[in-house]
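Participant: My questions all concern the structure below.
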Amino acid sequence: MSDRPLIDIEQVGKDYLSGPEVVHALAGVDLAVHSGEFVAIVGASGSGKSTLMNILGCLDRPTRGTYRLAGVDVTRRTADARAIVRNRLIGFVFQGFNLLPRTTALENVELPLVYRGVSARQRRRQARHALEQVGLAERAGHTPAQLSGGQQQRVAIARALVTQPPVLLADEPTGNLDTRTSHEVLALLQNLVRESGITIALVTHEADIAACASRTVTMRDGRIERDEPNREPRDAAAWAAMPHGAVDAAMLSGPGP
Amino acid sequence: MNRLWSSLRLAFSALMRRKARASLTALGILIGIAAVVVVTALGTGARERIGSQIESLGSNLLFVFSQPVAKSGARGRPGAEMALTDRDAAAIHRDASAVSAVTVYSEVKAQVVSEYDNAKIGVMGVDKYYYPVRGFSVDDGRMWTDSEEQTKAKVCLIGQTAIDKLFGNVDPVGRYLRIGRHPFRVIGTLKAKGQSPFEDQDDRILMPIGSWRARVSPTLGDRVMLIMASAKTAARTGQAKRQIEGIVRQRHHIAEGDEDDFKVRTQEQFKKSHDAVFNILTALLVSVAGIALFVGGVGVMNIMLVSVTERTREIGIRMAIGAKRHDIQLQFLVESIALTLFGGLAGIALAVGLIVLIHRTVGWTMRLSPEAVIVALVTSVLVGLVFGFLPARRAARLDPIDALRHE
């Protein structure tokens, strides 16, 4: 953990025009995330967590405030400059997986490298390695339609990892998965933080998913309501290994939010 | 280069996913390009054919023909429209320094009878200069002699088409044919010359002008239909024309400012006026074919817009993982160009097939120039570029967040 935060946003605000009314989706947010942290961002719908995620991912620009990513001010960059930042520094994992249909897992994973101008042979090598990391090397030739939801999300994680970005942003990554598969995916993310020191910001509205992170940021009405470390994160691998009934029982009796 | 290659592969696989749609869209371009190529080939072929026919008339030719002056509504007596005479031709030969040879020519379509068959054939009275001026030569037999010309002997030479009509496969030399009341002896045959813009140059019988006046068309006196002159060189054609005009005006007593009763045209003028006609015709047909191509292009634009809308989510994903605007724009542009180029190639193939087919069945001369093929290919690429630009730009300007949310 270095002294300078990897993600550093100061007084970030975002306004939308909804008809004649101005909606303050974000109303002055300060957040600093250091390298190697696993941050869960929770909150009700409309709390501003998705807007925050879009700004963190350089998909959107804040109306006010500054955003420094890896020491670089990316607040007001052009669309193309932000595309480069996304390609170099950020990996995305989405709720709907967002893989290209009718395209093999390997080709999906290669895609970010295409926009980086990497040669075909090098792309193939790196993409295979990333698929190995998520345990799907033998499914390289399958298209998304031939894969289960959990497998698709692991391909998406491989695609996010293939450029070896410092930051991985996950927007409701388990929203479309059943409980067991959710824990498998989370186990994979926890393992990545441990092994490769990647920094993860994860948006969720499920308390037991947030419990796997090392820090929980709670949003409400466009502000950060609570920001607290999670001293004993849940080990998702252990949960995933439990028999089905036991998982449900443990969840019911587990620590509340 | 690497990026362009992967764009091409990407475009190809995107098109292959929707084969039926891509083929139907390309069909519009195919028809447009094929129409342009076929029409151009027709125009070029026709122009070349007319050009070579005019060449085949002879070299550096000038044509002098009568042009009756309409002084009143009344028409003169028959033959009055023939204002030119033998003596005009002789004067041109004597006085025009830029002219190397002069010949006269009169023709009637007459019923000609041989021992085998009969047919209506152009019978021409000419002098011996007609041969070098018009580029005719004797194939078999012989030319008439000076004494035969002076004595208005009943001899003639016969062209290849006329031989077919009257004698079939029989050698005509030494045989007789009858025109009106008079029998004529065939003393020779003419070398084949082919089509001119006006007529089949081999469907003719030539005889001395004296014999023609005496026996075929005795009412005309020394008047001739046409005087043909050969300029000494191509460069002196203009000079020859002015000299001829001067001589004939003087001989016909035409005052300064009065209208000529004759006209001089050069071979070059014939060629130019024919070229002009064909250029206009070709331009007209090409613009009609161009409309077909334009409609095809609009079809491409339409399909590309549909494709961009359908793949909005894909565009969002690509943008999220680092595609810049021009990456997206290039992807869709390459796709539309691949579509039109495919249509263009197929269109050229269809055009080649049609050209061969038309040539074999209808017998039109068509010329497919390499330039036309290159222009067709460049055009199909341009159509893809122009009509793909708007959809590609629309794709590139999508907001990544909206695109990702698109269902």
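Residue numbers (our numbering), protein chains in the order written: chain Z, 157 to 413; chain X, 315 to 721.
Don't be surprised by glycine CBs; every beta carbon is placed ideally from N, CA and C.
(1) Check distances from the C-beta atoms of the segment 559 to 589 of chain X to those of chain Z and list, in chain order, the residues that come in under 9 angstroms.
(2) List the residues of chain Z that X/G661 touches, going by C-beta distances under 8 angstroms, in chain order.
(3) Could you give the first and the last residue of the continuous beta strand (DSSP E) run that contains X/F498?
(4) Based on the DSSP output, what are the partners of Z/A188 in its beta bridges?
(5) Which of helix, strand or coil does DSSP assign to Z/E351?
(6) Within the same chain, show all residues whose beta-carbon is closer than 8 angstroms to that of X/V687, passing over the 5 residues directly before and after it, in chain order.
(7) Here's a check: name, in chain order, each residue in its chain whose Cβ is nearer than 8 angstroms to the Cβ of Z/Q308, leaving out the five neighbours to either side.
(8) Could you name the residues of chain Z that X/G658 contacts, counting a contact when the two beta carbons are closer than 9 angstroms?
(9) Quick check: X/A717 and X/Q643, are their CB atoms within less than 8 angstroms of each other?
(10) Counting only C-beta atoms, is Z/L262 closer than 8 angstroms to chain X at any point?
(11) Rounding to the nearest angstrom, what Cα-Cα distance links X/R391 and X/F608 in this structure?
(12) Just by C-beta distance, which residues in the segment 319 to 334 of chain X are closer than 9 angstroms to chain Z?
(13) In whole angstroms, what is the alpha-carbon distance linking X/V484 and X/G436?
(14) Below 7 angstroms on C-beta distance, what does X/E726 contact in chain Z?
(15) Decide yes or no for the touch test of the segment 325 to 333 of chain Z against the segment 341 to 351 of chain Z: beta carbon pairs closer than 8 angstroms, at least 3 of them.
(16) Candidates X/L344, X/R323, X/R711 and X/Y444: which alpha carbon is nearest X/A603's?
(17) Should X/M330 go down as buried or exposed, given a rule of 16 or more other Cβ atoms within 10 Å for buried?
(18) Out of curiosity, what's the CA-to-CA distance linking Z/L173 and Z/V179?
(19) Using a Cβ-based criterion (distance less than 7 angstroms to any ligand heavy atom), does X/R323 qualify as near the ligand HEM?
(20) Secondary structure at X/K468, three-state DSSP: helix, strand or coil?
(21) Please classify X/S386 as buried or exposed, where buried requires at least 16 other C-beta atoms within 10 Å of its C-beta.
(22) Do the segment 575 to 588 of chain X and the segment 422 to 431 of chain X touch if we need at least three Cβ pairs shorter than 8 angstroms?
(23) What are the residues that DSSP puts in a beta bridge with X/S380?
(24) Listed from N- to C-terminal order along the chain, which residues in the segment 631 to 644 of chain X have their beta-carbon within a distance smaller than 9 angstroms of any beta-carbon of chain Z?
(25) Does DSSP classify X/K423 as helix, strand or coil?
(26) Would X/L718 count as contacting chain Z if we go by Cβ distances under 8 angstroms?
(27) State the DSSP-derived secondary structure class of X/M330, mapped to helix, strand or coil.
(28) In whole angstroms, what is the alpha-carbon distance linking X/S337 and X/R361?
(29) Check whether the Cβ of X/I715 lies closer than 8 angstroms to any Cβ atom in chain Z.
(30) Looking only at its own chain, which residues have a Cβ that is under 6 angstroms from the Cβ of Z/N210, when we skip the five neighbours before and after it?
(31) For X/P522, report the span of its beta strand (DSSP E) as first-last.
(32) Could you name the residues of the same chain whose beta carbon sits closer than 8 angstroms to that of X/A476, not counting the 5 residues immediately before and after it, in chain order?
(33) Can you name the residues of chain X whose CB is closer than 8 angstroms to the CB of Z/N210?
(34) Taking only three categories from DSSP, how would you classify X/G365?
(35) Is there a Cβ of chain X sitting closer than 8 angstroms to that of Z/V359, yes or no?
(36) On the three-state DSSP scale, how would you describe X/F512?
Facilitator: Working from what's here:
(1) Cβ contacts with chain Z: none found.
(2) Position 347 of the second sequence, counted from the first residue, corresponds to residue 661 of chain X. At a beta-carbon threshold of 8 angstroms, none of the residues of chain Z lie near X/G661; the nearest stands roughly 29 angstroms away.
(3) Start at 1 with the first residue of the second sequence, and residue 498 of chain X comes out as number 184. Judged by DSSP secondary structure, X/F498 falls within the beta strand (DSSP E) whose first and last residues are H496 to L504.
(4) Taking the first residue of the first sequence as position 1, residue 188 of chain Z is located at position 32. Paired residue(s): Z/D164.
(5) As a first step, residue 351 of chain Z must be located in the first sequence, where it is residue number 195. Z/E351 falls in the helix class under three-state DSSP.
(6) The residue given as residue 687 of chain X occupies position 373 in the second sequence. Result list for X/V687: V351 and I662, in chain order.
(7) The residue you call residue 308 of chain Z lines up with position 152 of the first sequence. Shown here for Z/Q308: same chain residues with a beta carbon closer than 8 angstroms to its own, the five before and five after excluded, namely F253, L255 and P300 in chain order.
(8) Here the question's residue 658 of chain X lines up with position 344 in the second sequence. Annotation: X/G658 has no Cβ neighbours in chain Z at a cutoff of 9 angstroms; minimum Cβ distance is about 27 angstroms.
(9) Here residue 717 of chain X refers to the residue found at position 403 when the second sequence is read from its first residue. Here residue 643 of chain X refers to the residue found at position 329 when the second sequence is read from its first residue. Taking 8 angstroms as the Cβ cut-off, X/A717 and X/Q643 do not qualify as a contacting pair.
(10) Here residue 262 of chain Z refers to the residue found at position 106 of the first sequence. It does not; no Cβ of chain X falls within 8 angstroms.
(11) As a first step, residue 391 of chain X must be located in the second sequence, where it is residue number 77. As a first step, residue 608 of chain X must be located in the second sequence, where it is residue number 294. Confidence at X/R391 is low in this model, with a pLDDT of 44, below 50, so the placement of that residue should be treated as unreliable; the coordinate-derived value is given next. X/R391 and X/F608 have their C-alpha atoms some 58 angstroms from each other.
(12) Those residues of the segment 319 to 334 of chain X that come within reach of chain Z (Cβ to Cβ, closer than 9 angstroms) are W319, S320, L324, S327 and R331.
(13) The residue labelled residue 484 of chain X in the question sits at position 170 within the second sequence. The residue labelled residue 436 of chain X in the question sits at position 122 within the second sequence. In a straight line, the C-alpha of X/V484 is about 21 angstroms away from that of X/G436.
(14) In the structure displayed, chain X extends from 315 to 721; residue 726 of chain X sits before or after that span and is not available.
(15) Under the three-pair Cβ rule at 8 angstroms, the segment 325 to 333 of chain Z counts as touching the segment 341 to 351 of chain Z.
(16) The residue labelled residue 603 of chain X in the question sits at position 289 within the second sequence. Nearest option by C-alpha distance: X/L344.
(17) As a working mapping, residue 330 of chain X is identified with position 16 in the second sequence. Taking all protein chains in view, the Cβ of X/M330 is surrounded by fewer than 16 other Cβ atoms within 10 Å, so the residue is classified as exposed.
(18) Against the first sequence, residue 173 of chain Z aligns to sequence position 17. Against the first sequence, residue 179 of chain Z aligns to sequence position 23. Taking the Cα positions, Z/L173 is about 6 angstroms away from Z/V179.
(19) What this structure holds is no ligand at all, so the ligand HEM is not there to describe.
(20) Residue numbering aside, residue 468 of chain X sits at position 154 when the second sequence is read from its first letter. The answer is coil: DSSP assigns X/K468 none of H, G, I, E or B.
(21) One-based indexing of the second sequence puts residue 386 of chain X at position 72. Here the model assigns X/S386 a pLDDT of 49, short of 50, so the residue's position is not dependable, and the following value carries that caveat. Burial state of X/S386 is exposed, judged by a 10 Å Cβ sphere holding fewer than 16 other Cβ atoms.
(22) The answer is no - the segment 422 to 431 of chain X does not touch the segment 575 to 588 of chain X, with fewer than three Cβ pairs under 8 angstroms.
(23) Here residue 380 of chain X refers to the residue found at position 66 of the second sequence. Partner(s): X/F576.
(24) Along the segment 631 to 644 of chain X, the positions whose C-beta sits under 9 angstroms from a C-beta of chain Z are I631, R632, M633, A634, I635, G636, A637, K638, R639, H640 and D641, read in chain order.
(25) The residue you call residue 423 of chain X lines up with position 109 of the second sequence. Reduced to three states, the DSSP call for X/K423 is strand.
(26) Along the second sequence, one-based indexing puts residue 718 of chain X at 404. Nearest CB-CB separation between X/L718 and chain Z: below the 8 angstroms threshold.
(27) Position 16 of the second sequence, counting from 1, holds the residue named residue 330 of chain X. Reduced to three states, the DSSP call for X/M330 is helix.
(28) Translated into positions along the second sequence, residue 337 of chain X becomes position 23. Translated into positions along the second sequence, residue 361 of chain X becomes position 47. Going by the C-alpha atoms only, they are around 35 angstroms apart.
(29) The sequence position of residue 715 of chain X within the second sequence is 401, counting from 1. By this cut-off, X/I715 is an interface position.
(30) On the first sequence, residue 210 of chain Z is found 54 positions in, with the first residue counted as 1. A distance below 6 angstroms between beta-carbons, with the five flanking residues on each side excluded, links Z/N210 to the following residues of its chain, in chain order: D216.
(31) Counted from its first residue, the second sequence places residue 522 of chain X at position 208. That run of the beta strand (DSSP E) goes R518 to P522.
(32) For this step, residue 476 of chain X is matched to residue 162 along the second sequence. The residues are V426, A433, I435, D516, D517, R518 and I519.
(33) Looking up residue 210 of chain Z in the first sequence gives position 54. Residues of chain X passing the Cβ test: I715.
(34) Walking along the second sequence from the start, residue 365 of chain X turns up at place 51. Helix, per DSSP.
(35) For the purposes of this step, residue 359 of chain Z is taken as residue 203 along the first sequence, with counting starting at 1. Taking 8 angstroms as the CB threshold, Z/V359 stays off the interface with chain X.
(36) Numbered from its first residue, the second sequence carries residue 512 of chain X at position 198. When secondary structure is reduced to three states using DSSP, X/F512 falls in the coil class, being assigned neither helix nor strand.
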